[in-house]
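So the structure is just underneath, and the comments pick up after that.
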């Protein structure tokens, strides 16, 4: 509200300043010519313009039906008023002629029989214009003197071969800086008197000149439009301007609005109203109070209560919008240790953007890799069995090597550094730990329960994997690059360790039957009996070092142990660590 009042005051000051500037005007209208036909409009045009300019705050010098002597006296009176004037205006209506590009204003007593009479019987237009430009910075000139003039015929006839020097209408006037000259029609043409009390040009001037808040150039555009319409396009007002800024003859008058008186507030009624709503739990109560009492005693408290109720409502909406994940968590706990991809796919169908969606996709990928590794191992075993059947050598000395497919060729170059995949990098720390525990269990490096808690047992399992796979790890903590390394490993990496009184048989630890010793050399006899009956050593790697060999293209070899079982040996990517063997 304060800003609006300030703007209104500025406008009022601007309007006052506009009215305070000093304006002078000269208005001449000649109709009653003694030696040619009388003109009907100039007298009325001058009176109308004089009244209009007086209303606009001009100090107006007016002359009607002036002789040459009277015209000169009137112009002299006007020139005296130009001192210290801010704006000067000159309006002329009557006969005017141009000779050799000079414009002359014709008094009512002129005869102009010959061209020699011009200097003695007519007033040069530049006499007024030069005086205005020398004294005033802003000058406006309006000439309604382009009528069909009988004086031009007399002058042209008297000049003979030089008659072409007498022009039709008025000549173009060059104006100095800060001046505007407006003609009733374009240079060289004649203006019409019209059928009304005033000429079409003056009629439009009186109507549009001084439109509130409008620049003079815009006023003249509206004048030109009205004259074109009144003369059906025969007369086109023309102007020549060198103004350097806006000239507004009448400012907009801003009236400060009167504020309605506010009804007196009864404090007892306000207090009773506040007591009735202060314990309310609806925002509408306090908003209604502020509407009725915007500056009331309890306005600040009402605003605080509105903020409190809004915050409470938003918090409650946020709680209600939070989804219940208990069912999803229970679902995941029931399948988190599943060994079939379909279980995780079912979870993703029900919870495509669930809490464990990334982990479910990771488990699906891991199980698919395990299936592919198992299929590769089965194909290698089948090939080894077929080769064993076709080989005629004794079982104790037989060595069968399974050829790998071309795409599994082992390069002698160092293994490239593994760059963590996008899926591994996007896992949270808990999901990363869970995924690594799952992979370690798959590779035989037991971490126990897969729970995402990366403790000493998980670190020990990762250390065993590093040793058995011949992989140097920078850290034993969960890392996306280590997870991708685990995913690339196939088959069992960590050996199965059997407890006391157990032995490894068919890839499982089984209890050893205890028999009472019958001889002092029980150990040697039992060993010989076990070997003769087909018992195989618990450590297939140590007992198979001399049985297998690898060429540069192989990473897997199959051989028959002297105990009668086939052993599968895997060559690690790093040549620093020895190969590992497993019973088939």
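In our numbering, the protein residues as written are 1 to 584.
Where a beta carbon is used, it is the ideal one built from N, C-alpha and C, also for glycine.
Residue i versus residue j - alpha carbon distance
i           : j           : result
residue 219 : residue 201 : 12 Å
residue 106 : residue 211 : 31 Å
residue 75  : residue 122 : 13 Å
residue 364 : residue 539 : 33 Å
residue 494 : residue 425 : 26 Å
residue 26  : residue 233 : 30 Å
residue 586 : residue 356 : Since the displayed the chain opens at 1 and closes at 584, residue 586 lies outside it and no answer follows.
residue 348 : residue 451 : 20 Å
residue 69  : residue 28  : 13 Å
residue 45  : residue 254 : 32 Å
residue 297 : residue 313 : 26 Å
residue 481 : residue 386 : 39 Å
residue 89  : residue 61  : 10 Å
residue 81  : residue 216 : 23 Å
residue 42  : residue 31  : 5 Å
residue 318 : residue 311 : 11 Å
residue 71  : residue 96  : 14 Å
residue 510 : residue 378 : 24 Å
residue 38  : residue 198 : 15 Å
residue 206 : residue 52  : 6 Å
residue 214 : residue 140 : 15 Å
residue 227 : residue 287 : 60 Å
residue 247 : residue 87  : 9 Å
residue 366 : residue 467 : 22 Å
residue 532 : residue 565 : In this prediction, residue 532 has a pLDDT of 40, which is less than 50 and means its spatial position is unreliable; nothing more can be read from the coordinates.
residue 440 : residue 469 : 12 Å
residue 346 : residue 376 : 27 Å
residue 279 : residue 326 : 38 Å
residue 128 : residue 252 : 31 Å
residue 223 : residue 204 : 5 Å
residue 537 : residue 570 : 18 Å
residue 362 : residue 579 : 29 Å
Cross-strand partners of residue i (DSSP beta bridge)
i           : result
residue 124 : 104
residue 97  : 104
residue 580 : 570
residue 557 : 569
residue 92  : 28, 143
residue 247 : The partner list for residue 247 (beta bridge, DSSP) is empty, contrary to what the question assumes.
residue 362 : Residue 362 pairs with nothing; no bridge assigned.
residue 87  : 23, 138
Limits of the alpha helix (DSSP H) - the one that residue i falls within
i           : result
residue 28  : Run containing residue 28: none in the alpha helix (DSSP H); it sits in the beta strand (DSSP E), 23-29.
residue 219 : 216-230
residue 75  : 68-81
residue 115 : Run containing residue 115: none; DSSP gives neither H nor E here.
residue 203 : 200-208
residue 428 : Segment: none, residue 428 is in no alpha helix (DSSP H) and carries neither H nor E.
residue 488 : 480-488
residue 47  : 42-55
residue 341 : 341-350
residue 443 : Segment: none, residue 443 is in no alpha helix (DSSP H) and carries neither H nor E.
residue 456 : 456-469
residue 543 : 540-543
Bounding residues of the beta strand (DSSP E) (the contiguous stretch that carries residue i)
i           : result
residue 332 : It is not in any beta strand (DSSP E) - residue 332 instead sits in the alpha helix (DSSP H) that spans 326-335.
residue 276 : Where residue 276 is concerned, there is no enclosing beta strand (DSSP E), although the alpha helix (DSSP H) it sits in stretches over 267-277.
residue 63  : 59-64
residue 240 : 238-241
residue 180 : 179-183
CB contact check: residue i to chain B, cutoff 8 Å
i          : result
residue 32 : Judged by its chain identifiers, the structure shown contains no chain B, having just a single protein chain.
Give a yes or no on contact between the segment 453-468 and the segment 425-443, applying the rule of three or more CB pairs nearer than 8 Å. yes
Count the CB pairs spanning the segment 358-372 and the segment 479-494 that are closer than 8 Å, and state whether there are at least three. yes
Can you check the segment 283-320 for any beta strand (DSSP E) of at least 3 residues that lies completely inside it and give the ranges in chain order? none
When you compare the segment 181-201 with the segment 228-248, are there three or more beta-carbon pairs, one atom per stretch, that lie closer than 8 Å? yes
Count Cβ pairs between the segment 129-136 and the segment 109-117 that sit closer than 8 Å; are there 3 or more? no
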